[in-house]
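UniProt numbering applies: residue 1 is where the sequence shown begins, and numbers increase by one. Quick reminder that beta carbons are idealized off the backbone N, C-alpha and C, glycines included. Quantities reported herein were computed from a predicted structural model and do not represent experimental measurements. Here is the structure we will look at, set down as structure tokens.
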Amino acid sequence: MVQIDAKNLDYQHLNSLIRTKIAKGENYFILKHVNGQRYIGAGIEKNIKIEIYGTPGQDLGTFMQGPEIIVHGNAQDGVGNTMDNGKIVIHGLAGDIAGYAMRGGKIHILADVGYRTGIHMKGFNKKNPVIIIGGCAGGFLGEYMAGGIIIVLGFNKEKPNVGMCLGTGMHGGVIYIRGKVDPSCLGEGAILKKTTKRDYKILENLLKEYCKDFSINLKKVFDSPFQKIVPASSRPYGELYIA
């Protein structure tokens, strides 16, 4: 195990230090006093573990392929940007565009997220990315989504579980929302469908791990029904390209 005090370290120095240690065979890192350093875990292809105490900066885990990152606090914008594989666990809030163009791995967030979570999210070969949000999500959740699974549990009772323009331009994947969804929140290209027994089996399998990460009672998660949002078409804007 390697402990690094990130206080007064700029992001380049911190990330260089982590990579140097990885090259020497280290695979478990504890980062203390993190305060806005960007690109932690970016592009790393090793199966390592990084625990972060503090608030990492933008693009945490961008392009990563394998690491597990645990944040004991909040995270800024771009968590899991174009993430290919691995897992990010946030014990707090996350900013905008979490999971942007994500094509594999898992992002588990305990509290709320900002706008455009899961935008351009896609499956890649046999990979099926997953984002689970314990609180609420801002507008444009799943915008232009092409694959993968987004789950919103809506435990933050002070806000609606999702914002406006939900699934706008969606043409793949599925979004599950715990509790009621106002149909007026749906963006163009997204529709509500009946949640089936198969859907609940998928949810149970995914939420077991999520609940374990945050010490949540799984039964509590299923005390409200889930709504399912899917694409109305695989080409929601197809008519725009007809001569």
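- Taking Asn-27 as reference, the option from Tyr-39, Tyr-115, Lys-7 and Glu-51 with the minimal CA-CA separation is Glu-51.
- For Gln-37, the secondary structure class from DSSP, reduced to helix, strand or coil, is coil.
- The DSSP-derived three-state label of His-13 is helix.
- Per the coordinates, the alpha-carbon of Phe-222 lies some 25 Å from the alpha-carbon of Ala-98.
- In the structure shown, the three-state DSSP call for Phe-29 is strand.
- Taken through DSSP and simplified to helix, strand or coil, Phe-63 comes out as coil.
- 8 Å or more divides the Cβ of Thr-82 from the Cβ of Ala-111.
- Put simply, of Tyr-39, Leu-31 and Arg-38 the residue whose alpha carbon is nearest the alpha carbon of Ile-70 is Leu-31.
- Residue pairing of Gln-3 in beta bridges, as defined by DSSP: Ile-30.
- Rounded to whole angstroms, Ser-224 and Arg-178 show a C-alpha spacing of 6 Å.
- Excluding its 5 nearest sequence neighbours in each direction, Arg-235 has C-beta neighbours in its own chain below 8 Å: His-171, listed in chain order.
- Per DSSP, reduced to three states, the secondary structure at Pro-183 is helical.
- Taking C-beta atoms as the reference points, Ile-40 and Asn-15 count as a pair closer than 8 Å.
- Contact between Ala-232 and Gly-189 holds: CB atoms are separated by about 6 Å, below the 8 Å threshold.
- In the DSSP assignment, Phe-226 falls within the beta strand (DSSP E) that extends over 226–231.
- Nearest to Val-79 by alpha-carbon distance, out of Tyr-53, Tyr-210, Ile-109 and His-72, is Ile-109.
- Here the alpha carbons of Glu-143 and Ile-119 stand approximately 5 Å from one another.
- Beta-bridge partners of Thr-55 (DSSP): Asn-35.
- Of all alpha-carbon atoms in Val-174, Arg-38, Met-64 and Lys-212, the one lying nearest the alpha-carbon of Gln-12 is that of Arg-38.
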